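Peer 1: According to numbering that gives the first Met the number 0, the sequence shown holds residues 0 to 328 in order.
Would you mind keeping the following structure in view while I ask a few things?
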Amino acid sequence: MQIILNGEGREVADEIPLTGLLTELGLDARKIAIERNLEIVPRSTYNQVKLCQGDKLEIVHFIGGGDAAADTSVDQPMIIAGKEYKSRLIIGTGKYKNFAENAAALEASEAEIITVAVRRVNVTDPGQEMLVDYIDPKKYTYLPNTAGCYTADEALRTLRLAREAGGWDLVKLEVLGDQKTLYPNMPETLKAADVLVKEGFQVMVYCSDDPIQAQILEDIGCCAIMPLAAPIGSGLGVQNPVHIRFIIENAKVPVIVDAGVGCASDAAIAMELGCEGVLMNTAIAEAQDPVLMAEAMKHAIKAGRMSYLAGRMGRKLYADPSSPLAGLI
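As structure tokens, then:
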């Protein structure tokens, strides 16, 4: 006899029970639902219900409400100057109320690299607390930076002193252009970077979001390129994602967004662009609860990285139903 099964004609044996049809189709009764002539058939009656000529059956099951997702890439650790880091978050040491708060925020962030400035020792009070009393340089990677330097010579002098003080070759170079914007002075930055690389420093360099300048710095030998997201301490977030994306696409060394992040979503956006990591200070230090913000940034970095690896859906002008139309009842 003839029945209609899921919209198509099918020949079956006379008065075949539903259980017989399911066996013939190779379907597990526990995983489907059946509608016969617009009425739901209870699963407990499948063996008693016998089909008749012209019966209309709908057999349905659950499917994913969207297209199958592609396999995501297996993430690799962040590698800077040959060393692996589990965390992609780098935090600073300025603007905290005290060293204890800084240490607590660092622990909450799970960052492994922390930037440090080089300043004169207070010789009138040699017993004054120091950062190393709270944050162990044997446990964390201290990253000496040249904050406050406006010429290549000032930056070179600072980092040479840093290497003498702590033996650090991995450094962060930033040469500022003016006090109002704290934008990088790129000619002086290039000059300093060239000398430092020749002297054996591993240079992570703060720079403008200019793909050409970033490429020149990489060609010089810098081990990480660090374009600003927005002016230092502004909290404006990523202002020029297109240029940062260009830098990432061209770079063969880690690209780490430096400066301008204000909240967790800013960090996630930077990571979704494909950055290897994010460096921040003010966003955590000037939060109402720095320790809680540090933890939020930790999660944002991880979420942004996962989102990047998963691959963003394409943007569309109009709606697109998530459930497939094929097999519609």
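Don't be surprised by glycine CBs; every beta carbon is placed ideally from N, CA and C.
Bear in mind that the values here come from a model prediction, so they are computed numbers and not experimental data.
(1) Rounded to the nearest angstrom, how far is the Cβ of residue 294 from that of residue 107, given a contact under 8 Å?
(2) Using a Cβ-Cβ cutoff of less than 8 Å, which residues in the same chain neighbour residue 236 once the five nearest sequence positions on both sides are dropped?
(3) To the nearest angstrom, how far is it from the Cα of residue 22 to the Cα of residue 246?
(4) If you draw a straight line from the C-alpha of residue 79 to the C-alpha of residue 251, how long is it?
(5) Could you say if the stretch 204-219 and the stretch 167-185 meet the contact criterion of at least three C-beta pairs nearer than 8 Å?
(6) Of all the beta strand (DSSP E) runs that stay within the bounds of the stretch 265-294, which reach a length of 3 or more residues?
(7) Take the Cβ of residue 160 as the centre, count every other Cβ of all protein chains shown within 10 Å, and call the residue buried at 16 or more, exposed below.
(8) Smallest Cα separation from residue 150: which of 136, 176 and 283?
(9) CB-CB under 8 Å to residue 45, same chain, minus the five flanking residues each way: which ones, in chain order?
(10) Kindly give me the distance between the Cβ atoms of residue 14 and residue 1, rounded to whole angstroms, as I take these residues to be in contact under 8 Å.
(11) Can you give the beta carbon distance from residue 192 to residue 219, rounded, assuming they're within the 8 Å contact cut?
(12) Check each candidate in 178, 163, 195 and 297 and name the one with the smallest Cα separation from residue 172.
(13) In angstroms with no decimal places, state the Cα-to-Cα distance between residue 97 and residue 287.
(14) Express the C-alpha separation of residue 75 and residue 57 in angstroms, rounding to a whole number.
(15) Measuring CB to CB, does residue 304 end up less than 8 Å from residue 35?
Peer 2: Once the coordinates are examined:
(1) As a working mapping, residue 294 is identified with position 295 in the sequence shown. As a working mapping, residue 107 is identified with position 108 in the sequence shown. Going by Cβ atoms, the distance from residue 294 to residue 107 rounds to 4 Å, so yes, they are a contact pair.
(2) Residue 236 sits at position 237 when you count from the first residue of the sequence shown. These residues qualify, in order along the chain: 228, 229, 259, 260, 261, 262, 264, 265 and 268.
(3) Taking the first residue of the sequence shown as 1, we reach residue 22 at position 23. Taking the first residue of the sequence shown as 1, we reach residue 246 at position 247. Their backbone Cα atoms lie some 59 Å apart in a straight line.
(4) Within the sequence shown, residue 79 is the residue found at index 80, counting from 1. Within the sequence shown, residue 251 is the residue found at index 252, counting from 1. When rounded, the distance between both Cα atoms is 12 Å.
(5) The stretch 204-219 makes contact with the stretch 167-185: 3 or more CB pairs, one atom from each, lie closer than 8 Å.
(6) Within the stretch 265-294, the complete beta strand (DSSP E) runs of at least 3 residues fall at 276-279.
(7) Taking the first residue of the sequence shown as 1, we reach residue 160 at position 161. Exposed, because fewer than 16 other Cβ atoms sit within 10 Å of the Cβ of residue 160.
(8) Within the sequence shown, the letter at position 151 stands for residue 150. The shortest C-alpha separation from residue 150 is found at 176.
(9) As a working mapping, residue 45 is identified with position 46 in the sequence shown. Excluding sequence neighbours, residue 45 sits near 16, 17, 18, 21, 28 and 33.
(10) Taking the sequence shown and counting its residues from 1, one reaches residue 14 at position 15. Taking the sequence shown and counting its residues from 1, one reaches residue 1 at position 2. Not really, about 13 Å apart at Cβ, beyond 8 Å.
(11) Locating residue 192 in the sequence shown gives position 193, counting from the first residue. Locating residue 219 in the sequence shown gives position 220, counting from the first residue. The Cβ separation is near 5 Å, so the contact holds.
(12) For this step, residue 172 is matched to residue 173 along the sequence shown. Residue 195 is the option with its Cα nearest to residue 172.
(13) Taking the first residue of the sequence shown as 1, we reach residue 97 at position 98. Taking the first residue of the sequence shown as 1, we reach residue 287 at position 288. Distance between residue 97 and residue 287, taken at the CA atoms: about 14 Å.
(14) Within the sequence shown, numbered from 1, the residue matching residue 57 stands at position 58. Within the sequence shown, numbered from 1, the residue matching residue 75 stands at position 76. If I take the Cα positions, the gap works out to 48 Å.
(15) Here residue 304 corresponds to residue number 305 of the sequence shown, with the count starting at 1. Here residue 35 corresponds to residue number 36 of the sequence shown, with the count starting at 1. No, Cβ-Cβ distance for residue 304 and residue 35 is not below 8 Å.
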